[in-house]
Amino acid sequence: MPRPRRRVASAGIGAVTAGLLLASGAAFAAPEQEDSGDTGIAMGAYLDYGPEGVARIPQLSRWLGGREIRVGHTYLPGDRWSNIEGAPDFLEDWAAWRRGDPDRMFVLNVPMQERNESRVPDHQVAQLIRAGAQGYYDQHFKTLAQRLVDLGVPDTVIVLGWEMNGVTYTHRCAPDPENWKRYWRRIVTAMRSVPGQEFRFDFAPSRGTDAIGWDRCYPGDDVVDVIGMDSYDQAPGRTFDEMISQPYGLQDHVDFAKAHGKRISYPEWGLFRYGDNPEYMRRMLQWIDEHKPLYHTITDYCPHGVWQCAANPQSAKVFRDALTTLPRPVPTPAEPTPTPAEPKPSPDVPGPGPEPSPDTPKPSPDVPEPSPDPTTPRPPVNSTEWCLPLNFGDWLGQLLGKKSLCVKFDWTWPF
Numbered sequence: 002m003p004r005p006r007r008r009v010a011s012a013g014i015g016a017v018t019a020g021l022l023l024a025s026g027a028a029f030a031a032p033e034q035e036d037s038g039d040t041g042i043a044m045g046a047y048l049d050y051g052p053e054g055v056a057r058i059p060q061l062s063r064w065l066g067g068r069e070i071r072v073g074h075t076y077l078p079g080d081r082w083s084n085i086e087g088a089p090d091f092l093e094d095w096a097a098w099r100r101g102d103p104d105r106m107f108v109l110n111v112p113m114q115e116r117n118e119s120r121v122p123d124h125q126v127a128q129l130i131r132a133g134a135q136g137y138y139d140q141h142f143k144t145l146a147q148r149l150v151d152l153g154v155p156d157t158v159i160v161l162g163w164e165m166n167g168v169t170y171t172h173r174c175a176p177d178p179e180n181w182k183r184y185w186r187r188i189v190t191a192m193r194s195v196p197g198q199e200f201r202f203d204f205a206p207s208r209g210t211d212a213i214g215w216d217r218c219y220p221g222d223d224v225v226d227v228i229g230m231d232s233y234d235q236a237p238g239r240t241f242d243e244m245i246s247q248p249y250g251l252q253d254h255v256d257f258a259k260a261h262g263k264r265i266s267y268p269e270w271g272l273f274r275y276g277d278n279p280e281y282m283r284r285m286l287q288w289i290d291e292h293k294p295l296y297h298t299i300t301d302y303c304p305h306g307v308w309q310c311a312a313n314p315q316s317a318k319v320f321r322d323a324l325t326t327l328p329r330p331v332p333t334p335a336e337p338t339p340t341p342a343e344p345k346p347s348p349d350v351p352g353p354g355p356e357p358s359p360d361t362p363k364p365s366p367d368v369p370e371p372s373p374d375p376t377t378p379r380p381p382v383n384s385t386e387w388c389l390p391l392n393f394g395d396w397l398g399q400l401l402g403k404k405s406l407c408v409k410f411d412w413t414w415p416f
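This is the structure:
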């Protein structure tokens with residue numbers, strides 16, 4: 002692991018210049034190792050884990066003055082293996098969106114274990130890791146791979162076992178790093194064995210050391226295509242310069258990827274502990290501009306986001322000014338676009354965790370999306386409506402004005 006160098010990202014680039022470069026895409030010639038034909042950094046946002054997330058993509062594009070949103074990003078629920086396999090109907094809307102344009106990219110976070118946010122103790126996690134390393138779960142990942150190929154998205158970017166250096170997820174690495182690496186290799190081998198696949202596997206720790214240095218979990222260049230990092234505006238590091246220079250920080254991430262000949266990514270980034278922070282937003286966009294990741298997706302719900310979070314107006318302005326498409330005319334809608342409701346994330350879609358106290362060396366950036374009180378996360382409410390055709394008769398049907406009876410049920414994850 003290279004030691005951090007104290008360096009300010011894009012020190013000579015002003016916010017306006019960075020915004021113009023980000024918006025135009027002209028300055029973003031793809032590195033030689035990327036042959037996708039991209040002329041700019043692929044940008045997206047996590048907007049919701051289900052069909053609503055797909056529906057919000059064009060709305061975000063309009064908010065950004067017509068800028069193309071090239072990355073669709075969601076998470077497989079990690080409650081049970083049937084969902085990790087990509088349960089029927091869960092991926093169909095995302096696959097249809099991806100197939101709509103060859104320049105789009107579908108990014109899918111895939112848990113490595115069921116009960117992924119059930120606070121499984123370390124000794125049980127170690128047992129599960131060893132079972133995975135021995136091949137007990139290979140078939141689940143082959144099933145997922147086949148489903149993605151059948152849906153016409155064989156080039157999905159798989160963010161496998163994200164934030165593995167943390168302390169919460171059942172797919173965390175620290176209880177048994179050596180077998181964890183073997184388990185990752187088995188999953189990649191299983192998924193690559195499916196004919197027609199073109200998957201890219203993204204190794205994405207959270208910024209900082211956390212429970213274990215993430216280089217100790219790195220499974221090898223032959224089974225990793227992209228080296229990502231989740232980085233929110235929270236400790237470790239109060240200033241952006243500290244986030245760059247800290248051990249296992251932004252600079253170490255870039256240096257590590259370069260040493261291994263890999264593209265970088267930022268699957269999750271956004272605001273968190275320090276409120277509406279336009280300086281963080283400006284510096285993170287400049288960092289992205291300078292280091293040309295394969296893609297980046299801001300986590301766009303409160304408290305992290307900008308479009309779907311009215312609590313961050315200054316940061317939203319910085320983000321919008323930087324990423325609005327300037328060369329093309331901005332469409333004027335017939336009516337103002339209403340501020341969308343805050344999305345309800347899946348129970349397995351993380352936000353960063355609580356900020357550590359000064360005497361706590363291991364922060365927890367991988368807990369579920371926090372409510373205004375981070376200790377009480379809000380589960381999403383899901384609804385299903387069943388309608389049954391019933392013969393009310395002519396007079397009663399006219400009186401009721403309907404010919405069917407509908408019952409609506411609401412529930413929360415997990416069951």
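Here the sequence shown is numbered in the numbering used here, starting from 2 and rising by one per residue.
Glycine included, each C-beta is placed from N, C-alpha and C at the ideal position.
Point to revise | H261 vs D223 beta-carbon contact at 7 angstroms | key: no
Review point. According to DSSP, what are the bridge partners of H254?
Key: None, per the DSSP bridge assignment.
Review point. How big is the Cα-Cα spacing for Y302 and N313?
Key: Looking at the two C-alpha atoms, the distance is approximately 10 angstroms.
Exercise for review: Leaving aside the five residues before and after T240 along the sequence, list all residues of the same chain whose C-beta is less than 7 angstroms from its C-beta, in chain order.
Suggested key: none
Check your understanding: Out of R284, R183, S316 and D231, which has the shortest C-alpha to C-alpha gap to S266?
Key -> Taking only the C-alpha atoms, the option nearest S266 is D231.
Point to revise | Cβ neighbours of I58 in the same chain (closer than 6 angstroms, five flanking residues each side left out) | key: I70
Point to revise | Coil, strand or helix - I245 by DSSP | key: helix
**Study point:** Exposure label - A311; buried when at least 16 CB within 10 Å
**Key:** exposed
Review point. Taking C-alpha atoms, which residue in P178, P237 and V225 lies nearest to I209?
Key: The question names Ile, yet the displayed sequence has Gly at residue 209. For the residues P178, P237 and V225, the minimum Cα distance to G209 belongs to P237.
**Study point:** Own chain, CB closer than 6 angstroms to G162, minus 5 neighbours either side, in chain order
**Key:** M113 and H172
Practice item. Taking G54 as the reference, give the member of R63, D94 and M44 with the closest Cα. Key: D94
Point to revise | Residues of its chain near G289, where Cβ-Cβ distance is below 6 angstroms and the 5 sequence neighbours each way are ignored | key: Here residue 289 is Ile; the residue named in the question, Gly, does not match the sequence. Taken in chain order, the residues that qualify are H297.
Check your understanding: How is S83 classed by DSSP in three states: helix, strand or coil?
Key -> helix
**Study point:** Spatial distance of Q125 from S119 (CA atoms)
**Key:** 12 angstroms
Check your understanding: Which residues in the same chain have their Cβ closer than 8 angstroms to the Cβ of T300, if we skip the five residues on either side of it in sequence?
Key -> A46, Y47, Y233, E269, W270, G271, G306 and G352
Practice item. Measure the CB-CB distance between V154 and A212 and report whether it falls below 7 angstroms. Key: no
Point to revise | Cβ contact check for the stretch 172-191 and the stretch 138-152: 3 or more pairs under 8 angstroms | key: yes
Practice item. Quick one: measure Cβ to Cβ for S246 and M282, integer angstroms, because I've assumed they're closer than 8 angstroms. Key: Not quite, the Cβ-Cβ distance comes to about 19 angstroms (not below 8 angstroms), so this is no contact.
Check your understanding: So what does Y76 bridge to, in DSSP terms?
Key -> N110
Check your understanding: Helix, strand or coil: which one does DSSP assign to T298?
Key -> strand
Review point. Which residue from S62, Y249 and E199 puts its Cα closest to that of Q309?
Key: S62
Exercise for review: Compute the beta-carbon to beta-carbon distance between R1 and A134, rounded to the nearest angstrom, for a pair I have assumed lies under 8 angstroms.
Suggested key: Examination of residue 1 is not possible in this model, given that the chain is present from 2 through 416 alone.
Exercise for review: Just the C-alpha distance for R284 and D242, rounded to the nearest angstrom, thanks.
Suggested key: 9 angstroms
Point to revise | Status (buried if at least 16 other CB within 10 Å, exposed otherwise) for R100 | key: exposed
**Study point:** Contacts around D104, its chain only, beta-carbon distance under 7 angstroms, and the 5 residues preceding and following it disregarded
**Key:** Contacts found: R71.
Practice item. Specify, as a first and last residue, the run of the alpha helix (DSSP H) that P279 falls within. Key: P279 to H292
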